[in-house]
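What follows is a short report on a single structure.
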């Protein structure tokens with residue numbers, strides 16, 4: 169796979185634009201609130217687009233493209249549709265509560281409210297475990313970006329890691345959330361342009377508009393099945409449960425998109441926009457991937473199908489645009505994660521280690537925020553450079569992070585609901601432990617249904633959380649927790 173000079177110009181222009189956005193965003197940050205939450209002034213349409221694109225990564229163009237090649241349309245039903253339902257069905261619940269927490273308690277980190285809702289040790293357990301595991305998760309993503317770059321350009325993986333890492337460390341560190349949000353928007357525009365170009369190119373190759381529906385008759389029968397084995401209805405329902413937790417704040421960076429909204433009306437609009445995009449855009453984005461078996465039959469490695477289609481069907485310049493969209497999708501997700509993890513370290517972990525943090529001026533707190541962001545990003549790049557040394561261990565740690573998303577989300581999100589106000593710190597801690605043990609059990613005793621394997625940690629965590637809450641239903645709820653629940657119950661605009 170080779171790119172020509174025009175493609176490199178397009179890619180280079182994209183990265184120069186990203187750095188330029190970081191410099192622009194630098195001047196919008198006066199304090200840590202601006203740096204981590206945009207001062208609560210992010211327009212709803214920007215917040216919604218950012219929330220949407222944060223769900224994409226290079227995996228969509230590689231791993232998901234392979235599943236579209238082998239299993240057809242089912243990926244829309246178990247992935248895109250379940251995300252859309254998860255976001256749209258909770259518009260009036262979690263997005264609103266995240267905004268209220270910022271307005272009432274001035275939170276800048278999604279975990280900040282947990283010290284009041286439960287206690288400081290519970291908050292610290294969740295913060296430390298998430299930060300440490302995210303360190304390796306992000307290291308793996310840098311490596312994935314570099315591998316993607318190597319496929320198209322031949323650049324060694326180490327150089328690819330340094331190239332993408334250095335660019336990102338500049339605009340994330342100096343720009344904060346405003347840089348993340350704006351680069352998400354640029355990424356979305358680039359993805360729309362690249363996706364539409366591929367859609368038109370493939371449709372034209374297949375014979376025009378009629379191919380959108382007609383091609384399914386030429387594909388294997390199971391490719392038009394909404395739930396092709398092993399991605400059954402039960403798998404989709406399990407994935408829906410996980411997505412409800414993940415897209416409403418279980419994935420910390422997605423909570424930040426809601427926290428940064430000006431008010432409840434705006435954050436609901438952002439959620440509706442994000443959910444609506446998940447209903448519509450994947451149908452266009454995945455069309456070339458579904459058609460790939462007709463244009464590239466008999467592929468041994470279907471993960472390369474989207475890349476090969478790009479090189480075969482698009483002219484110079486547009487190939488660079490598609491690569492930029494693939495590249496920026498992962499960088500967008502990475503940047504959002506880094507900004508939120510930095511907030512967790514600065515707002516949740518450091519104050520527990522030093523009381524001096526609570527006395528810092530706004531300018532000094534902003535300086536600390538930037539230093540933490542730089543140091544954490546640099547650490548993930550160093551880990552990425554050593555990815556071969558980790559071998560299977562890196563993969564294991566990454567899968568452990570995925571396993572923790574659900575169990576950590578249970579006390580984090582259900583703690584906002586009045587139905588669970590009797591669930592205290594014991595319920596939170598034991599539900600996390602039980603979920604992790606359930607994950608280990610699925611690895612030690614393999615063989616269960618795929619749907620059960622991915623959902624068991626969340627289900628067990630949920631059950632333990634509910635049981636502890638029921639057992640403590642006669643205990644008095646702490647006054648500060650009662651006050652917080654009253655805030656969540658309020659229907660008024662704050």
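Residue numbers (the working numbering): 169 to 662.
For each residue, glycine too, the CB sits at the ideal point set by N, CA and C.
Remember, predicted model here, so these are calculated numbers, not experimental data.
The ligand GDP heavy atom lying under 7 Å from the CB of residue i
{"i": "residue 470", "result": "This structure lacks the ligand GDP, and indeed carries no ligand of any kind."}
Contact check, residue i vs residue j, beta carbons under 8 Å
{"i": "residue 317", "j": "residue 176", "result": "no"}
{"i": "residue 382", "j": "residue 453", "result": "no"}
{"i": "residue 354", "j": "residue 574", "result": "no"}
{"i": "residue 370", "j": "residue 479", "result": "no"}
{"i": "residue 253", "j": "residue 408", "result": "yes"}
{"i": "residue 181", "j": "residue 471", "result": "no"}
{"i": "residue 542", "j": "residue 337", "result": "yes"}
{"i": "residue 400", "j": "residue 500", "result": "no"}
{"i": "residue 194", "j": "residue 438", "result": "no"}
{"i": "residue 310", "j": "residue 552", "result": "yes"}
{"i": "residue 306", "j": "residue 294", "result": "no"}
{"i": "residue 544", "j": "residue 517", "result": "no"}
{"i": "residue 288", "j": "residue 547", "result": "no"}
{"i": "residue 394", "j": "residue 242", "result": "yes"}
{"i": "residue 460", "j": "residue 203", "result": "no"}
{"i": "residue 655", "j": "residue 272", "result": "yes"}
{"i": "residue 357", "j": "residue 492", "result": "no"}
{"i": "residue 526", "j": "residue 290", "result": "no"}
{"i": "residue 443", "j": "residue 249", "result": "no"}
Euclidean distance between Cα positions of residue i and residue j
{"i": "residue 209", "j": "residue 425", "result": "11 Å"}
{"i": "residue 650", "j": "residue 657", "result": "10 Å"}
{"i": "residue 304", "j": "residue 196", "result": "31 Å"}
{"i": "residue 522", "j": "residue 361", "result": "48 Å"}
{"i": "residue 565", "j": "residue 373", "result": "Confidence in residue 565 is poor, its pLDDT being 49 and thus under 50, which makes the residue's placement unreliable; the coordinate value appears in the next sentence. Answer to the nearest angstrom: the Cα atoms are 43 Å apart."}
{"i": "residue 143", "j": "residue 412", "result": "In the structure as shown, the chain starts at 169 and stops at 662, and residue 143 therefore has no counterpart that could be examined."}
{"i": "residue 446", "j": "residue 643", "result": "43 Å"}
{"i": "residue 277", "j": "residue 596", "result": "18 Å"}
{"i": "residue 240", "j": "residue 451", "result": "12 Å"}
{"i": "residue 216", "j": "residue 414", "result": "16 Å"}
{"i": "residue 549", "j": "residue 417", "result": "25 Å"}
{"i": "residue 344", "j": "residue 260", "result": "28 Å"}
{"i": "residue 189", "j": "residue 348", "result": "9 Å"}
{"i": "residue 299", "j": "residue 487", "result": "36 Å"}
{"i": "residue 562", "j": "residue 213", "result": "Here the model assigns residue 562 a pLDDT of 46, short of 50, so the residue's position is not dependable and the matter cannot be decided."}
{"i": "residue 187", "j": "residue 625", "result": "40 Å"}
{"i": "residue 313", "j": "residue 505", "result": "15 Å"}
{"i": "residue 616", "j": "residue 406", "result": "14 Å"}
{"i": "residue 577", "j": "residue 173", "result": "46 Å"}
{"i": "residue 244", "j": "residue 389", "result": "16 Å"}
{"i": "residue 646", "j": "residue 636", "result": "16 Å"}
{"i": "residue 434", "j": "residue 481", "result": "41 Å"}
{"i": "residue 302", "j": "residue 251", "result": "22 Å"}
{"i": "residue 634", "j": "residue 297", "result": "22 Å"}
{"i": "residue 508", "j": "residue 533", "result": "15 Å"}
{"i": "residue 456", "j": "residue 380", "result": "10 Å"}
{"i": "residue 598", "j": "residue 515", "result": "24 Å"}
{"i": "residue 621", "j": "residue 613", "result": "10 Å"}
Nearest-angstrom Cβ-Cβ length linking residue i and residue j, presumed shorter than 8 Å
{"i": "residue 286", "j": "residue 269", "result": "Actually they do not touch by this definition, with Cβ atoms about 14 Å apart."}
{"i": "residue 403", "j": "residue 619", "result": "4 Å"}
{"i": "residue 629", "j": "residue 600", "result": "7 Å"}
{"i": "residue 652", "j": "residue 262", "result": "Actually they do not touch by this definition, with Cβ atoms about 15 Å apart."}
{"i": "residue 503", "j": "residue 225", "result": "About 12 Å separates the two Cβ atoms, so there is no contact after all."}
{"i": "residue 205", "j": "residue 428", "result": "5 Å"}
{"i": "residue 198", "j": "residue 341", "result": "Rounded, the Cβ-Cβ distance is 16 Å, inconsistent with contact."}
{"i": "residue 320", "j": "residue 171", "result": "6 Å"}
{"i": "residue 473", "j": "residue 464", "result": "6 Å"}
{"i": "residue 431", "j": "residue 267", "result": "6 Å"}
{"i": "residue 323", "j": "residue 315", "result": "Actually they are not in contact, since the Cβ atoms of residue 323 and residue 315 sit about 10 Å apart, beyond 8 Å."}
{"i": "residue 221", "j": "residue 489", "result": "With 8 Å as the limit, residue 221 and residue 489 do not qualify as a contact, their Cβ atoms being about 16 Å apart."}
Residue range of the unbroken alpha helix (DSSP H) whose run includes residue i
{"i": "residue 432", "result": "432-453"}
{"i": "residue 239", "result": "231-239"}
{"i": "residue 621", "result": "618-639"}
{"i": "residue 472", "result": "Segment: none, residue 472 is in no alpha helix (DSSP H) and carries neither H nor E."}
{"i": "residue 363", "result": "325-374"}
{"i": "residue 245", "result": "No alpha helix (DSSP H) holds residue 245; DSSP gives it neither H nor E."}
{"i": "residue 613", "result": "That residue, residue 613, is in no alpha helix (DSSP H); it is neither H nor E in DSSP."}
{"i": "residue 538", "result": "530-553"}
{"i": "residue 411", "result": "401-413"}
{"i": "residue 643", "result": "From DSSP, residue 643 is part of no alpha helix (DSSP H); its letter is neither H nor E."}
{"i": "residue 506", "result": "486-512"}
{"i": "residue 268", "result": "262-273"}
Interface flag, residue i vs chain B, CB-CB below 8 Å
{"i": "residue 403", "result": "Among the chains of the structure shown, chain B does not appear; only one protein chain is present."}
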